[in-house]
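Undergrad: My questions will all concern the structure given below.
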Amino acid sequence: MLGVLYKWLEADLHGKSSDAADRAAGENFDQSPLRRTFKSKVLAHYPQNIEWNPFDQDAVNMLCMPKGLSFRTQADNREPQLHSFLITREDGSRTYGFVLTFYEEVTSKQICTAMQTLYQMHNAEQYSSVCASSSCSMDSLASSSDEGDATSLAKLQRYNSYDISRDLLYVSKCICLITPLPFMQACKKFLIQLYKAVTSQQPPPLPLESYIHNILYEVPLPPPGRSLKFYGVYEPIVCQRPGPNELPLSDYPLREVFELLGLENLVQVFTCVLLEMQILLYSQVLPTLSLVADSLETASVFEFEGQHVSVPILPASLLHFLDAPVPYLMGLQSKEGTDRSKLELPQEANLCFVDIDNHFIELPEEFPQFPNKLEFIQEISEVLLQFGIPPEGNLHCSESATKLKNLVLNDLVNDKKNGNIPSNAINMYELLKGNETIARLQALTKRTGVTVEKMTITAPLVDREGDVKLQCEELELRDYKLNVQLREVFANRFTQMFADYEAFVIQAAPDMESWLTNREQMQNFDKASFLSDQPEPYLPFLSHFIETQMFATFIDNKIISQWEEKDPFLRVFDSRIEKIRLYNVRAPALRTSNYQKCTTLKEAAQSIEQRLMKIDHTAIHPHLLDMKIGQGKYEQGFFPKLQSDVLATGPTNNNRWASRSTTAQRRKDRLRQHSEHIALDNDLREKYMQEARSLGKNLRQPKLSDLSPAVIAQTNCKFVEGLLKECRMKTKRMLVEKMGHEAVELGHGEANITGLEENTLIASLCDLLERIWSHGLQVKQGKSALWSHLLQYQEREEKQEHSAESPVAVGTERRKSDTGITLPTLRVSLIQDMRHVQNMSEIKTDVGRARAWIRLSLEKKLLSQHLKQLLSNQALAKKLYKRYAFLRCEEEREQFLYHLLSLNAVDYFCFTSVFTTIMIPYRSVIIPIKKLSNAITTSNPWICVSGELGDTGIMQIPKNHLEMTFECQNLGKMTTVQIGHDNSGLLAKWLVDCVMVRNEITGHTYKFPCGRWLGKGVDDGSLERILIGELVSATCDEELGKQCRTPPQQKSPTTARRLSITSLTGKNMKPNAGQIQEGIGEAVNNIVKHFHKPEKERGSLTILLCGENGLVAALEQVFHHGFKSSRMFHKNVFLWDFIEKALAYFETSDQIGDHEEGLLLQRSSCKSFCHYVNAINTAPRNIGKDGKFQILVCLGTRDHLLPQWLPLLAECPPITRMYEENALLRDRMTVNSLIRVLQTLQDFNIVLEGSLIKGVDV
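Residues 0 to 1257 in numbering that gives the first Met the number 0 are what the sequence shown spells out, letter by letter.
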């Protein structure tokens, strides 16, 4: 500390820059000397070293005094403060630190003189020049300059001064206990008693060394499920440890956390912890930061080990950690008067910002709510109210809440019932009429129809008279009970949600070694099946949660438990699931979304109370040690220099506690040697373990010590490597899952990805890109680093565009078709895609715009190309990013773009399917077959385009134009086009090859093959046709009609097939009877599969009915088999002609009387058949004969009538005149098997697209 003061003075006197000193102190020198902080160091620690737990001096120093040493005078507040910290080592083990910071008078004249000199210099500077206000950037986060920039010198000297003759100078000092378990209450009491011993007028009964030696060597850890009493300086201290099947120890007072944040905010922050978002806590009070962080880290999630980098109080020298592109939970001390808006953070797209002092949280966008959140909050409210805590915390401590608290506390004082509430229940609703959270809950339950039980405070858990004296204070016992009951409610939610998780764990490896070796390639949890098994409301949260590293580690631990001892957290979780199964006999009952309350609250509170009432063990009392005479001299107010030799080693006497702990240690060593002996190559095994458990634990929890520039650079290298690896894993997963899905559509294997899962993967890709773009930023602009970069690129490009032609424009050449009619090529432009997103009024934020742009680029297969173009502007990249940033590491950047390029192998509709309400421009082109004749018709043509999300309605095509553009609400994936004309004029016949329709934003082009005439007296006399669409490949230089094979969508029947059906000249290959029956089976099977998919995952049913291999086409083949198709008097015979002949027969034979009961069914089938055929014939549509047959099949399928109609048609007399002897329809066995196949569709509710049956009234 002295060194820093003198270094600063020396630098100033020699006229040199004081930057070095500035950096050494880690503080802004614009501040007055008493407001600055200085470097601290560890003065002493005992014992010097422990083999299995080495002392990390720098880390402990930084975490004990995160803001460094600070000075005070007698005029300042010098109350001691207690905070805690947590160190997570690379192997995942934790140690906990509890720190008491107090102020001690400075006796060194040199330091007092140096402080006075600093003040004189500071005041002179303030007087001579007006302080330039520092810009609040990343580097000035630590210390915003004081508000006193413009204040007068007199004011400065009065409030902010130090006079050696008048003032006493104090400096901060701290004492810290480091423990293997978080015994917060016990450590706090011990430290406070130690501090009192130093500051009291009377010296303590024994030298301080006796108490410290006692707690280090003579107080053991209580065994699981037991309690222990040991002795502080003045009074005994009790601690307890939960049993093996109870929730792990967490001693942090959750009551204070609920009071600080309020229940609703805390549930939201807890959800962020579970989803591994970045969480930044912000408060002026250091103990508050550590309390909230430690409570979130240890108290709530017992079965899932947090994967966050956890730094509850972020030291000034570690501010670059906020730049880390990993999940973190960090605390940042705010300066008085600093506004949140001035706080520039490197990464905000995935950040949960918690302003503790103002009871305010900012959540990331697209934030999924916790399942059953309303009932969950209701249940926790009931627990809080039993303990007199208002659910909204101290946020708006309403009169009723204060009334409740006072009432409950008065009861505690008067009732002599050990803090238990009296048996006559208080009516909570009467008491809490003014309570905002309850009012909101009631309003919400009314709206959603959820029933909320009447809330009353129940009879006491244990109601005894005051004759039994508890061994710990009543309020403390209440805190213990409250803690455990709140955590039981949290734990119960997870036990209920994951009660069936074991059924979805994939145990693929025969032994641990092969599992560790192939860990990265193996899928160990069936996510798709798990999600499809969950209630719909849970899916938004669960689909995100099962993608977290936390969940992956949990499943890894489950698999490893086959070969190793179970992880303690996992053991507790599994035992609770077993318990649920015992109570619920049938497992499926677990999968309802009905909220099941926690039933173990009473039991959990009782077990803690019993442990604290009946102390199981008592440790040895502190005693005099063999110390040198004159050592340990007492001086009030000063913590003495302790005698290190007596604290270096444990007791030599035969102490039962000591021997017990050494045997335990020996057992631990033996186990360790055994596992090392078993492993073939321990280094290799360890390497795999690290790989398997996370993307490098060392990445998640960087070492706090040794923060030289080289180490910071190395940490950043690890971040870069981690980001690249994550990108590789994500793109590979997206690719494998999507390609697996397409393989299913091609008939290989089973689907293993759902739309929900795909959406989650894409959302996590968006998050990854945001983190990559936030790494190593020079200056933060806006909440989305990626969108900010894009905007600056757009600005530069648009300036250049004014002066020269944009280099990204692709020539406006048109695609050629064999008719010469063309579709203009869509221009590929990063800027254009940005403009599309900027024009979307539905998106209000930069983060939302960045995500929409990523989705659009991914759907257009341009993501890698666009990002490459964005990063090609090196001058802009240098301006925006520091040298170590991921985007400036060339090799990694190239690999990253290569991984993204691999996503072009599959088709995504992640933009079209998400932004369903936006207006989209479309372009359509009608391509006739002949180049000259009938290329244009004199009649008035029209078109109607339909998609999965809606249709355009009938649009007139301008005369003599084959191309038109139109704008309408997003149609989604396009399915059908209806095209027709009014038959007016001389050239009313029109031979159309196909219709092309393109989405002008996404570039998706659909081809609707036709290959038929439209006109009276030609082909089947149709004036309108329904065409089925197929997606065509986006490659410009490929032939127009070439179809895209991913995904392989079925199309409308091809020209060749249509023409062969109508003319059947015998030149085309006809399918044989076996192939026809196989085709029917496949078409029906596809429809059955369609209905077995979750509703949101189903594709277009129209394609399965009317597409190339659809049911209509398959039935046409059946009806065509053996059909006498020779031209009668030069006129084509169509299937519909047979249908009409059958209709005429049924209508004339309708008068025949029925004698047998079996004929009743036949007669009703005849009636329905005649009714449907007549309805199709009389429909106000100009549909041809083949079109009518298609409608009849579709309606018969929808209303489950086909199996009834087929036997009628097979037996009616016209069949003998119109079909050959060997026709399938004349073979009774074939017809019966056909009926059986069609009957499999009876159970499904088939809904037909409006375009197929428009105008047909049945």
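Every residue, glycine too, gets a C-beta built ideally from N, C-alpha and C.
Note that this is a predicted model, so its numbers are computed, not measured.
Please report how far the alpha carbon of L829 lies from the alpha carbon of L857, in whole angstroms.
TA: The residue given as residue 829 occupies position 830 in the sequence shown. The residue given as residue 857 occupies position 858 in the sequence shown. Answer to the nearest angstrom: the Cα atoms are 12 Å apart.
Undergrad: Which residue's Cα is closest to the Cα of L68: F84, L42, I236 and E720?
TA: In the sequence shown, the residue the question calls residue 68 occupies position 69. The shortest Cα separation from L68 among F84, L42, I236 and E720 belongs to L42.
Undergrad: With distances taken Cα to Cα, identify the nearest neighbour of S1295 among H1003, K988, T1004 and V1031.
TA: Residue 1295 lies beyond the stretch modelled for the chain, which goes from 0 to 1257, so this question has no answer here.
Undergrad: Among the candidates D1242, V1236 and A502, whose CA atom is the shortest distance from the CA of E1081?
TA: Along the sequence shown, read from residue 1 onward, the residue named residue 1081 stands at position 1082. Measuring from the Cα of E1081, the nearest candidate turns out to be V1236.
Undergrad: According to DSSP, simplified to helix, strand and coil, what is S483?
TA: As a working mapping, residue 483 is identified with position 484 in the sequence shown. Correcting the residue identity first, residue 483 is Val in this sequence and not Ser. Of the three classes helix, strand and coil, the one that applies to V483 here is helix, per DSSP.
Undergrad: Within this structure, are the beta carbons of A508 and I558 separated by less than 9 Å?
TA: As a working note, residue 508 is residue 509 in the sequence shown. As a working note, residue 558 is residue 559 in the sequence shown. Yes; because the gap between Cβ atoms is below 9 Å, this pair is in contact.
Undergrad: Evaluate contact between the segment 377-386 and the segment 872-889, counting only Cβ atoms and requiring at least three cross-stretch pairs below 8 Å.
TA: They do not touch, by the three-pair rule.
Undergrad: Provide the residue(s) that pair with E104 in DSSP beta bridges, ordered along the chain.
TA: By one-based count along the sequence shown, residue 104 stands at place 105. Looking at the DSSP assignment, E104 forms a beta bridge with Y169.
Undergrad: Does DSSP put N1181 in a helix, in a strand, or in coil?
TA: The sequence position of residue 1181 within the sequence shown is 1182, counting from 1. In this structure, N1181 counts as coil in the three-state DSSP scheme.
Undergrad: With distance defined between alpha-carbon atoms, name the residue in Y194, D166, F229 and W514 nearest to A185.
TA: If you number the sequence shown from 1, residue 185 lands on position 186. With distances taken between Cα atoms, A185 lies closest to F229.
Undergrad: What residues match up with Y230 in a beta bridge as DSSP calls it?
TA: On the sequence shown, position 231 is the one that residue 230 refers to. The partner list for Y230 (beta bridge, DSSP) reads P235.
Undergrad: Return helix, strand or coil for E378, following the three-state DSSP convention.
TA: As a working note, residue 378 is residue 379 in the sequence shown. Helix at E378.
Undergrad: Can you list, in chain order, the residues of its chain whose CB lies under 8 Å from that of A1209, leaving out five sequence neighbours each side?
TA: Numbered from its first residue, the sequence shown carries residue 1209 at position 1210. Closer than 8 Å at the Cβ level, and outside the excluded window around A1209, lie L1224, R1225, R1227 and V1230.
Undergrad: For A348 and P363, what's the separation of their Cα atoms in angstroms?
TA: Translated into the one-based positions of the sequence shown, residue 348 becomes position 349. Translated into the one-based positions of the sequence shown, residue 363 becomes position 364. If you take the alpha carbons of A348 and P363, they lie about 6 Å apart.
Undergrad: With distances taken Cα to Cα, identify the nearest neighbour of S871 among V846, V1246, R795 and Q495.
TA: For the purposes of this step, residue 871 is taken as the residue at position 872 of the sequence shown. Nearest option by C-alpha distance: R795.
Undergrad: What are the residues that DSSP puts in a beta bridge with Q80?
TA: Residue mapping note: residue 80 aligns to position 81 of the sequence shown, counting from 1. According to DSSP, which records beta bridges pairwise, Q80 is partnered with T100.
Undergrad: Just the Cα atoms here: how many angstroms apart are N417 and C351?
TA: Counted from its first residue, the sequence shown places residue 417 at position 418. Counted from its first residue, the sequence shown places residue 351 at position 352. Low per-residue confidence applies at N417: pLDDT is 40, beneath 50, and the placement is therefore not dependable enough to give any value.
Undergrad: Using a Cβ-Cβ cut-off of 6 Å (strictly less than) and excluding sequence neighbours within five positions of L626, which residues of its own chain qualify?
TA: Reading the sequence shown from its first residue, position 627 is the one you call residue 626. The sequence given here places Met at residue 626; Leu does not occur at that position. Hits under 6 Å: Q642 and V645.
Undergrad: So, at 6 Å on beta carbons, what are the nonlocal neighbours of P1179 in its own chain, with the 5 sequence-adjacent residues on each side left out?
TA: Counting from one through the sequence shown, the residue named residue 1179 turns up at place 1180. Correct list, in chain order: G1254.
Undergrad: Sorted by chain position, which residues of the same chain lie with C-beta nearer than 6 Å to C63's C-beta, five sequence neighbours on each side aside?
TA: Taking the first residue of the sequence shown as 1, we reach residue 63 at position 64. The residues are V98, C173 and C175.
Undergrad: I'd like the span of the beta strand (DSSP E) that includes F1007, first residue to last.
TA: Here the question's residue 1007 lines up with position 1008 in the sequence shown. Run containing F1007: T1004 to L1013, per the beta strand (DSSP E) assignment.
Undergrad: By the 10 Å Cβ neighbour count, where 16 or more other Cβ atoms means buried, how is H620 classified, buried or exposed?
TA: To locate residue 620, count along the sequence shown from 1; it is residue 621. Classification of H620: exposed, given that the 10 Å Cβ count is below 16.
Undergrad: Return the chain-ordered list of same chain residues with a C-beta closer than 7 Å to the C-beta of F965, the five sequence neighbours on each side being excluded.
TA: For the purposes of this step, residue 965 is identified with residue 966 of the sequence shown, where counting begins at 1. For F965, where only same-chain residues beyond five positions count, the Cβ hits under 7 Å are Y921, T951 and M954.
Undergrad: For G1249, which residues of its own chain have a beta-carbon under 8 Å away from its beta-carbon, when the five flanking residues on both sides are left out?
TA: Position 1250 of the sequence shown holds residue 1249. The residues are S945 and D950.
Undergrad: Output the residue ranges of the beta strand (DSSP E) runs that lie fully inside the segment 474-550 and measure 3 residues or longer, sorted by chain position.
TA: The segment 474-550 contains no whole beta strand (DSSP E) run of 3 or more residues.
Undergrad: Among the residues of its own chain, which have a CB less than 7 Å from the CB of E1146, if the five just before and after it don't count?
TA: The residue you call residue 1146 lines up with position 1147 of the sequence shown. Hits under 7 Å: C1169.
Undergrad: Looking only at DSSP bridge pairs, what is E962 linked to?
TA: As a first step, residue 962 must be located in the sequence shown, where it is residue number 963. Note: E962 sits in a beta bridge opposite V924.
Undergrad: Give me, in chain order, the residues of the same chain whose beta-carbon lies closer than 7 Å to that of C993; leave out the 5 immediate sequence neighbours on both sides.
TA: Taking the first residue of the sequence shown as position 1, residue 993 is located at position 994. Same-chain partners within the cutoff: I926, K1006, F1007, P1008 and C1009.
Undergrad: For D906, name the three-state secondary structure that DSSP assigns.
TA: Here residue 906 is taken as the residue at index 907 of the sequence shown, counted from 1. Coil.
Undergrad: Identify, in the order they occur along the chain, each residue of the same chain with its Cβ nearer than 6 Å to the Cβ of L1201, setting aside the five sequence neighbours on each side.
TA: Taking the first residue of the sequence shown as 1, we reach residue 1201 at position 1202. Result list for L1201: G1195 and L1237, in chain order.
Undergrad: Let me know the secondary structure DSSP gives H616 once reduced to three states.
TA: Counting from 1 along the sequence shown, the entry for residue 616 is found at position 617. Residue state, collapsed to three classes: strand.
Undergrad: Tell me the DSSP secondary structure of C597 in three-state form.
TA: By 1-based counting over the sequence shown, the position of residue 597 is 598. Correct three-state label for C597: coil.
Undergrad: How many whole angstroms separate the CB atoms of K729 and L764, which I take to be in contact at a CB cut-off of 8 Å?
TA: Here residue 729 is taken as the residue at index 730 of the sequence shown, counted from 1. Here residue 764 is taken as the residue at index 765 of the sequence shown, counted from 1. Yes, K729 and L764 are in contact; Cβ-Cβ is about 6 Å, under 8 Å.
Undergrad: For the candidate residues K798, G781 and G721, whose alpha-carbon lies nearest to that of L767?
TA: Here residue 767 refers to the residue found at position 768 of the sequence shown. For the residues K798, G781 and G721, the minimum Cα distance to L767 belongs to G721.
Undergrad: Less than 8 Å between the CB atoms is what I'm expecting for G979 and E1023, so what's the real figure, rounded?
TA: Translated into the one-based positions of the sequence shown, residue 979 becomes position 980. Translated into the one-based positions of the sequence shown, residue 1023 becomes position 1024. G979 to E1023, Cβ: 3 Å. Contact.
Undergrad: If the criterion is Cβ atoms closer than 9 Å, does the pair P247 and F37 meet it?
TA: Position 248 of the sequence shown, counting from 1, holds the residue named residue 247. Position 38 of the sequence shown, counting from 1, holds the residue named residue 37. No; because the gap between Cβ atoms is not below 9 Å, this pair is not in contact.
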